[in-house]
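J.: Residue numbers for the sequence shown follow the working numbering, beginning at 910 and rising by one.
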Amino acid sequence: MKKTLTVLTAALVITLTGCRAPKDIAYMQGWNDAEVHATLNVNSIKAQPDDKLSIAVNTDNPVLSESLNLPTFSHRIGQEQYRNSNMMTIASQSQNMSLYTVDADGNINFPLLGELHIVGMTRSQIASYITEQLENKNIAKNPVVIVEWANVGVTIAGEVLQPGRYAVTRDAMTLPEAIGMAGDLTIQGLRTNILVVRQEGDKTVSYRVDLTDGESIQNSPAYYVRQNDYIYVEPNSMKKRSATVNGNNVLSASFWVSIASLLTSIAVLVFK
């Protein structure tokens, strides 16, 4: 009889344990209300080979302005399939813009200036550099240079509501913000082990990020996303087990109640 009680007690403990609220669901744990946290250096998007940029130059001379801007052409939106509507708006506007592609050496060929080395520069740095070159060579005075990214995005896959490729429309975007564009993680997503795969020069590097740990994620090199990052959310243990027959039955309360009932019946028969 003692064995039967022991089995029933164990089943009850397992059932109650399974009902507890898991601690690996809430994001940014460890941060309190009104708590001040050190701000990391903002890691802005920088130009890389194969990036496409829209660069427009305006001056007080219409003829010169026309010479400094490439002829516009129709840009195929279908080349990049972005899930968020913001990118579709930008892509539609880009149909009337000239696009510069950064070559393998990090250069673009700009009208009247020739080859410009812009790899590793942010949008504002590129605009300032072109402005400086135009003024130093006495081509234009007080030009207005506007630089926009045309194909910068990240891919988000795995246990998110809407996996796909998403546009990075700002100079700096954090990993939680990028995941938010995909509709956030599903309840089956493993929040403690987000994988970020990134191309850095000629190497492919990977980072693991714990979204539930506020300090850990903020100190991660992957806190700010970069163009062409691949973000993967793997399924949690329960979702993985569901891929097999009866994979999660062993964790269910009904399973243990059935086991306890069976053992009780066996114990009664043995005692009789």
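Ideal Cβ positions, reconstructed from N, Cα and C, are used throughout, including at glycine.
For the segment 1090 to 1100 and the segment 1138 to 1145, state whether three or more C-beta atom pairs, one from each stretch, are separated by less than 8 Å.
T.: Verdict: yes, contact present.
J.: Give the DSSP-derived three-state secondary structure of residue 930 in the structure shown.
T.: A caution first: residue 930 carries a pLDDT of 47, below 50, which makes its placement in the model unreliable, though a value can still be read off. In the structure shown, residue 930 sits in coil (DSSP, three-state: anything other than H, G, I, E or B).
J.: Going by other Cβ atoms of all chains shown within 10 Å of its Cβ, with 16 needed for buried, is residue 1122 buried or exposed?
T.: It counts as buried.
J.: Is residue 1053 helix, strand or coil when you go by DSSP?
T.: Here residue 1053 sits in strand by DSSP.
J.: Since I believe residue 1025 is in contact with residue 1017 (beta carbons under 8 Å), could you give me their beta-carbon distance rounded to a whole number of angstroms?
T.: Correct: roughly 5 Å between the Cβ atoms.
J.: Between which two residues does the alpha helix (DSSP H) containing residue 1101 stretch?
T.: Residue 1101 -> no alpha helix (DSSP H), and no H or E assigned at all.
J.: Taking the beta carbon of residue 968 as the centre, do at least 16 other beta carbons fall within 10 Å, making it buried, or is it exposed?
T.: Residue 968 comes out buried.
J.: Let me make sure I understand the geometry here. Which of 1021, 976, 1029 and 1117 has the alpha-carbon closest to that of residue 1109?
T.: Of the candidates 1021, 976, 1029 and 1117, the one whose C-alpha sits nearest the C-alpha of residue 1109 is 1029.
J.: Check residue 1007 in the structure and name its three-state DSSP category.
T.: Coil at residue 1007, not helix or strand.
J.: Please list, in chain order, all residues of the same chain as residue 1057 whose beta carbon is under 6 Å from its beta carbon, the five residues on each side excluded.
T.: Cβ within range, chain order: 963.
J.: Whose CA, out of 1064, 957, 1053 and 1013, lies closest to the CA of residue 977?
T.: Closest by alpha carbon: 1053.
J.: Can you list, in chain order, the residues of its chain with a C-beta nearer than 6 Å to that of residue 1022? Leave out the 5 residues immediately preceding and following it.
T.: 1042, listed in sequence order.
J.: Short of 6 Å in beta carbon distance, which residues of its chain neighbour residue 1019, apart from the five on each side in sequence? Order them along the chain.
T.: For residue 1019, where only same-chain residues beyond five positions count, the Cβ hits under 6 Å are 1025.
J.: State buried or exposed for residue 1013, treating a residue as buried only when at least 16 other CB atoms are found within 10 Å of its CB.
T.: So residue 1013 ends up on the exposed side.
J.: Return the first residue and the last residue of the alpha helix (DSSP H) that residue 1032 is part of.
T.: Element bounds for residue 1032: 1032 to 1045.
J.: If contacts are defined as beta-carbon pairs under 8 Å, then residue 1131 and residue 1116 qualify, I think. What distance do you get, rounded to the angstrom?
T.: About 4 Å separates the two Cβ atoms, so the contact holds.
J.: With DSSP run on the structure shown, which of helix, strand or coil describes residue 1136?
T.: In the structure shown, residue 1136 sits in coil (DSSP, three-state: anything other than H, G, I, E or B).
J.: Are the beta-carbon atoms of residue 953 and residue 1040 separated by less than 8 Å?
T.: No, the pair does not count as a contact, with Cβ atoms beyond the cut-off.
J.: Let me know the secondary structure DSSP gives residue 1150 once reduced to three states.
T.: Residue state, collapsed to three classes: helix.
J.: Ignore the nearest five residues each way along the sequence and tell me which others in residue 951's own chain have a CB closer than 6 Å to its CB.
T.: The answer, listed in chain order, is 1081.
J.: Cutting at 6 Å between CB atoms, please list the residues of its own chain near residue 1035, excluding the five before and the five after it.
T.: Excluding residues within five positions, the ones whose Cβ falls inside 6 Å are 1027 and 1056.
J.: Is the CB-CB distance between residue 1120 and residue 1072 below 8 Å?
T.: No; because the gap between Cβ atoms is not below 8 Å, this pair is not in contact.
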